[in-house]
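All remarks here apply to the structure that follows.
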Ligand SMILES: *Cc1c(COP(=O)(O)O)cnc(C)c1O
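Numbering (my numbering), first residue to last: 806 to 1022.
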């Protein structure tokens, strides 16, 4: 299990960046992983997890939540508007608020259910046509519209373009967070979380480096 190794690397990266110990939250991304691997990591004390698919998470987490109190579950995958109800029921944080239709559904569900998962706005830092996320220059307007609905997004999230140096994307996300007064930054995965911590990540999303490669077969 790579959990201890990752925790050590996070502590080293925090120290190297002059950041306080524990200032970075590790989200263990458990999508598609065999249950025994996830249970081993739960048993080792990890409580913050990320999932990409509402249905998969619904099948696994209600039981684990009962057996391992204190679980903090984050939705990090694309969220269909028609899954907003289940997402608000199931998750403690949603990292992929990326359009007004979803913002409206989430606002309605949060009001109806009296729950308020923490919200991150996904930003398409690479301006990639096929990728979800708000464009950088549309962020202030989007944020204002979210607030008009009664939502209070706390942070930004990005997935840098594949095959590119992620650092300029992390740096841009940080600038946008500062400009818009948002305290949280969800950025960095198995291959680049140390670089993300150097750029100010408060939440890193690490899957394969903890659990091993995912088998989609
Ligand atoms: C799957 C996934 C991760 C984890 O990726 P690894 O490379 O396995 O660490 C992080 N963020 C998002 C949005 C993902 O979909």
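Positions of the beta carbon are idealized from the N, C-alpha and C atoms, including for glycine. For clarity, every value in this text was computed on a predicted model and none was experimentally measured.
Buried or exposed (CB count within 10 angstroms, at least 16 for buried), residue i
i, result
"residue 762", "Because the chain here runs from 806 to 1022, residue 762 falls outside it and cannot be looked at."
"residue 983", "exposed"
"residue 903", "buried"
"residue 980", "exposed"
"residue 934", "exposed"
"residue 870", "exposed"
"residue 930", "buried"
"residue 940", "exposed"
"residue 918", "exposed"
"residue 1012", "buried"
"residue 825", "exposed"
"residue 916", "exposed"
"residue 965", "buried"
Residue i - DSSP class collapsed to helix/strand/coil
i, result
"residue 924", "strand"
"residue 830", "strand"
"residue 856", "strand"
"residue 1003", "helix"
"residue 1009", "strand"
"residue 878", "strand"
"residue 1018", "coil"
"residue 996", "coil"
"residue 868", "helix"
"residue 861", "helix"
"residue 982", "helix"
"residue 884", "coil"
"residue 976", "helix"
Extent of the continuous alpha helix (DSSP H) run through residue i
i, result
"residue 895", "889-895"
"residue 848", "840-848"
"residue 810", "808-821"
"residue 909", "905-918"
Beta-carbon proximity check, residue i vs residue j, cutoff 9 angstroms
i, j, result
"residue 895", "residue 859", "yes"
"residue 1006", "residue 995", "no"
"residue 846", "residue 1016", "yes"
"residue 901", "residue 962", "yes"
"residue 885", "residue 924", "no"
"residue 808", "residue 862", "no"
"residue 989", "residue 1008", "yes"
"residue 922", "residue 899", "yes"
"residue 855", "residue 1010", "yes"
"residue 818", "residue 829", "yes"
"residue 914", "residue 893", "yes"
"residue 993", "residue 971", "yes"
"residue 1014", "residue 811", "yes"
"residue 836", "residue 1019", "yes"
"residue 954", "residue 908", "yes"
Any chain D beta carbon closer than 9 angstroms to residue i
i, result
"residue 928", "Absent from the structure: chain D. Only one protein chain is present."
Residue interval of the beta strand (DSSP E) (run including residue i)
i, result
"residue 990", "989-991"
"residue 901", "898-902"
Contiguous beta strand (DSSP E) assignments of at least 3 residues, all confined to the stretch 939-974: 960-962
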